[in-house]
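Beneath this line is the structure, given in structure tokens, with notes to follow.
In my numbering, the protein residues as written are 4 to 313.
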């Protein structure tokens with residue numbers, strides 16, 4: 004693995020945000036002067052403004068980062084460092100996280116930051132992105148990434164229905180809410196799915212959180228954040244409610260919690276009556292699409308009651 008020294012002093016904690024992003028960005032094509040896309044330049048400035056430290060300043064700082072509205076491998080990465088060396092890149096976030104090695108070879112790393120620091124930082128990011136990002140689809144991606152770190156999403160959109168974006172509070176205050184909800188999870192869903200005029204079909208984006216890329220056995224691999232990086236649901240939480248393991252850290256988990264609140268029932272009961280990761284073909288008649296062979300990649304049927312009582 005080619006370790007790169009990115010921290011030589013503590014200047015990264017206080018230096019200009021743009022300068023920090025310049026230091027850690029490997030792909031020069033995303034730098035403002037290399038890119039004529041005004042939207043990308045604006046995004047760069049937003050990221051630099053939103054960088055916030057994790058931990059107690061000036062002692063005990065364990066990171067400085069900002070949540071992003073994209074998870075692409077060619078976007079600005081956050082880096083996980085071990086002893087000042089770049090040990091891995093994290094997409095969906097920009098900045099620096101101090102890390103600890105999960106194995107002697109340093110091929111994998113995890114955050115030094117505690118769950119509390121990650122959750123507090125992510126919750127603050129929710130407030131920041133809502134102030135300077137106005138595209139709901141980007142805010143939804145931010146919400147997904149914030150959820151992965153255990154942060155509070157606040158008023159960010161988490162789903163859309165008939166081109167109307169809804170926040171957690173919107174779902175909780177949903178009048179005449181149906182007792183059965185279909186959640187389509189697909190990054191491209193809104194581009195071609197045209198469901199009939201039904202008020203019980205919701206769209207959200209892929210459930211995976213930020214992407215981590217690291218060298219392992221001399222291979223550069225990409226994948227959704229490993230369990231060691233996901234801070235929500237916590238292991239303690241999952242010991243009591245293991246059924247949340249697959250969706251707890253995603254927007255689907257957020258939506259289920261909000262639906263349970265709207266129905267005045269427990270989220271655990273909702274999970275008990277719901278069908279997660281359904282076979283889309285079983286419900287194909289619900290969807291009319293511009294691409295007939297395309298069905299939702301991920302579908303969840305969320306119910307207030309047992310399906311035999313609907």
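Glycine included, every Cβ here is placed at the ideal spot set by N, Cα and C.
Can you tell me the Cα-Cα spacing of residue 54 and residue 142, whole angstroms?
Distance between the alpha carbons of residue 54 and residue 142: 17 Å.
Once you ignore the five residues that flank residue 230 on each side, which residues in its own chain have a CB closer than 8 Å to its CB?
For residue 230, the pLDDT reaches just 38, beneath the cut-off of 50, and the residue's location in the model is therefore unreliable, leaving the point undetermined.
Evaluate contact between the segment 253-272 and the segment 144-160, counting only Cβ atoms and requiring at least three cross-stretch pairs below 8 Å.
With a cut-off of 8 Å on Cβ pairs, the segment 253-272 is in contact with the segment 144-160, counting three or more such pairs.
Flag this pair as yes or no: are the beta carbons of residue 66 and residue 27 separated by less than 8 Å?
No, the Cβ-Cβ distance between residue 66 and residue 27 is not below 8 Å.
At least 3 beta-carbon pairs within less than 8 Å: the segment 159-172 vs the segment 135-151:
Yes: the two stretches touch, three or more of their Cβ pairs being nearer than 8 Å.
Report the option in 283, 135, 289 whose CA atom is closest to the CA atom of residue 299.
The residue with the shortest Cα to Cα distance from residue 299 is 283.
Going by beta carbon distance, what residues of the same chain come within less than 7 Å of residue 248, once the five residues before and after it are set aside?
The beta carbon of residue 248 lies closer than 7 Å to those of 241 in the same chain, with the five residues before and after it left out.
Can the beta-carbon of residue 103 be found less than 8 Å from the beta-carbon of residue 113?
Yes, Cβ-Cβ distance for residue 103 and residue 113 is below 8 Å.
Suppose you measure from the CA of residue 71 to the CA of residue 207; what does that come to, to the nearest Å?
Cα-Cα distance, rounded: 17 Å.
Delimiting residues of the beta strand (DSSP E) encompassing residue 101
Its beta strand (DSSP E) spans residues 96-104.
Let me confirm a value: residue 288 is counted as buried when at least 16 other C-beta atoms fall within 10 Å, else exposed. Which label applies?
Exposed is the call here.
Contact check, residue 49 vs residue 135 under 8 Å by CB: the rounded distance?
Confirmed, Cβ separation roughly 5 Å.
Based on DSSP bridge pairs, tell me the residues matched to residue 206.
163, 187.
How would you call residue 140, buried or exposed, if buried means at least 16 neighbouring beta carbons within 10 angstroms?
Around the C-beta of residue 140, fewer than 16 other C-beta atoms lie within 10 Å, and the residue is accordingly described as exposed.
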